[in-house]
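If you count the sequence shown from 1, position 160 lands on 160 in full-length UniProt numbering, and the numbers rise without skipping.
Virtual Cβ for every residue (Gly too), placed ideally from N, Cα, C.
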Amino acid sequence: MQTKLAADAIPLSKKRKSWIRTIQKYKVMYALLLPALIYFAVFKYIPMAGIMIAFKNYNLALGLWDSPWVGLKNFTDFMNGVYFWDIMGNTIIISLYKLLFGFSAPIVLALLLNEVYSQGFKKIVQTITYLPHFLSWVIVYGILVALLAPGDGLFNMILKEIGVEPISFLTEPAWGRLLIILSEIWKDIGWGAILYLAALAGIDPSLYEAARMDGASKWRQLWHITLPGIRGVIILMLILKLSHILDAGFDQIFMFANSFNQEKIDIIDTWVYREGLERLKIGLATAVGLFKAVIGFILVLAANKLAKKFDGQIW
1 MQTKLAADAI PLSKKRKSWI RTIQKYKVMY ALLLPALIYF AVFKYIPMAG
51 IMIAFKNYNL ALGLWDSPWV GLKNFTDFMN GVYFWDIMGN TIIISLYKLL
101 FGFSAPIVLA LLLNEVYSQG FKKIVQTITY LPHFLSWVIV YGILVALLAP
151 GDGLFNMILK EIGVEPISFL TEPAWGRLLI ILSEIWKDIG WGAILYLAAL
201 AGIDPSLYEA ARMDGASKWR QLWHITLPGI RGVIILMLIL KLSHILDAGF
251 DQIFMFANSF NQEKIDIIDT WVYREGLERL KIGLATAVGL FKAVIGFILV
301 LAANKLAKKF DGQIW
């Protein structure tokens with residue numbers, strides 16, 4: 001308490017001089033930090049002024065400042081719209097599926113690769129699994145068309161040969177979400193595993209040796225050494241994933257959606273694209289974007305609070 005009072009009693013001029021001396025002492029470090037600060041200021045913070053569009057009936061001819069204010073009308077129009085519950089439900093369901101399966105898949109792959117003793121085989125598997133990450137969703141969808149097209153797709157040709165009726169994988173609503181989740185896992189499982197492999201490499205090998213000497217099985221080593229060793233990385237990645245819980249993947253959904261399966265996979269981002277760019281309801285689209293950002297911010301705070309409570313770590 002006395003230390004805090006003493007710090008508060010320091011004159012403002014002395015604090016300013018101390019701050020200037022600190023900058024002079026670490027001027028090289030601050031110079032290296034400056035480009036990143038400029039980037040975030042120009043591309044992240046200054047554009048926040050555009051949030052005003054969410055509270056206006058934005059007109060391209062009138063511009064940002066002269067467009068009339070409408071308050072929360074854009075938000076209420078979105079929430080009272082006939083498609084609100086459909087697109088919100090699709091977004092949440094697809095995001096939760098991706099969080100449940102897409103988030104855990106890289107962890108499982110990293111744990112499996114960590115048990116492989118052949119470095120050559122491990123490198124081959126890593127290369128094969130993370131190469132799809134560099135493919136765009138246009139290319140991925142083209143591959144799926146070649147494999148799943150109802151007429152001449154490879155899988156349907158095999159089904160015809162065994163006497164089974166072809167299946168319209170790409171147009172049947174029942175297959176839409178499953179294809180989205182599976183293609184997401186296939187595309188990003190290897191890339192996501194890299195971070196967990198790096199965390200696994202930092203675990204002290206002597207812990208495993210001691211566990212083996214005590215007669216611990218592989219499952220016991222996994223539960224008591226491996227998973228606790230990467231727990232911090234898992235929690236951090238979970239927090240980052242939760243912040244994008246309403247970002248179900250615009251690029252992917254935009255490629256997969258068509259007039260047949262749209263009812264099951266239409267999400268907020270694709271709806272905003274149609275309303276904002278095709279119908280020029282820019283104020284409404286901005287309001288929905290702000291709505292998503294607020295939800296993501298709340299989820300990040302909640303996840304961080306839970307992480308501190310159950311893990312005791314501060315991020």
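Residue environment, phenylalanine 256, which counts as buried when at least 16 other CB atoms sit within 10 Å: buried
Per-residue burial, glutamine 119 [other beta carbons within 10 Å of its own, 16 or more giving buried]: exposed
Rounded distance between the beta-carbons of lysine 241 and phenylalanine 103, thought under 8 Å: 6 Å
Candidates Phe55, Phe75, Lys73: closest to aspartate 66 by CA position: Phe55
Strand pairing of tryptophan 69, partner residues [DSSP]: Lys56
Range covered by the alpha helix (DSSP H) that runs through valine 108: 103-114
For valine 233 and leucine 99, the rounded distance between their alpha carbons: 15 Å
Nearest neighbour of isoleucine 53, chosen from Ala216, Phe297, Ser183, Gly289 [CA to CA]: Gly289
Alpha helix (DSSP H) segment containing leucine 96, residue limits: 84-97
Extent of the continuous alpha helix (DSSP H) to which tryptophan 175 belongs: 173-201
contact_flag[the region 244-251, the region 263-275] where n(CB pairs < 8 Å) is 3 or more: yes
Tryptophan 315 burial status per 10 Å Cβ neighbour count (16 or more: buried): In this predicted model, tryptophan 315 has a pLDDT of only 41, less than 50, meaning its place in the structure is not dependable; the value taken from the coordinates is given anyway. So tryptophan 315 counts as exposed.
Closest residue to residue 324 among Leu148, Phe134, Gly63, Leu195 (Cα-Cα distance): The first residue shown for the chain is 1 and the last is 315, placing residue 324 beyond what the model contains.
Simplified DSSP assignment, three categories, for asparagine 258: coil
Reduced DSSP category for isoleucine 167 - H, G, I as helix; E, B as strand; rest coil: coil
Proximity of alanine 105 and isoleucine 185 at Cβ, strictly below 9 Å: yes
Beta-carbon proximity of glutamate 263 to proline 173, cut-off 9 Å: yes
Beta-carbon spacing of glycine 190, glutamine 252 below 9 Å: no
Buried versus exposed call for tyrosine 26 [16 or more other C-beta atoms within 10 Å across all chains shown]: exposed
CB contact flag (leucine 144, phenylalanine 121, <9 Å): no
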